[in-house]
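Below you'll find the structure, written out as structure tokens, and then a few comments.
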Amino acid sequence: MAKAKKAAPKKTTAPKAVKPKAPKGQYTKGDIVDHLAYELDVTKKKASEFLDSLNKLVSKNAKKGFTIPGLGKFSTTRTKKRKGRNPSTGESIVIPAKNKVKFRVGKALQDAVYPPKK
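Numbering (this note's numbering) for the sequence shown: 2 to 119.
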């Protein structure tokens, strides 16, 4: 008597990602991760790792100036110390000088959001 052949196991594939809906307010990190995962056809974990990696890259290099082509440039600037007022007591105070991170929007993004007038 011949042995019955076993059926080959079916290959299971991951379900196709569903297009994420645009949020009503500001995008959260989760919204951005969902969008990247869908657009790039990668897992949410990989999309999150990409976003974290980009954040680290910008953080390390903003001091020197860091440009993302088509998006804009990150840089730092030093503010001067200045006089201020405590809003609860009305007392005059000195606000110390500090470093701040600036982002300057690139021309390509600026023109995409606000097309130049003709």
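In this text, a Cβ means the ideal position worked out from N, Cα and C, and glycines have one as well.
Judged by DSSP in its simplified three-state form, G66 adopts coil rather than helix or strand. Look at K118 here: in three-state DSSP terms it is coil, with no helix or strand label.
For K101, the uninterrupted beta strand (DSSP E) segment begins and ends at 99 to 106.
A straight line joining the alpha-carbon of R86 with that of I96 spans about 9 Å. C-alpha of N100 to C-alpha of L110: approximately 26 Å in a straight line.
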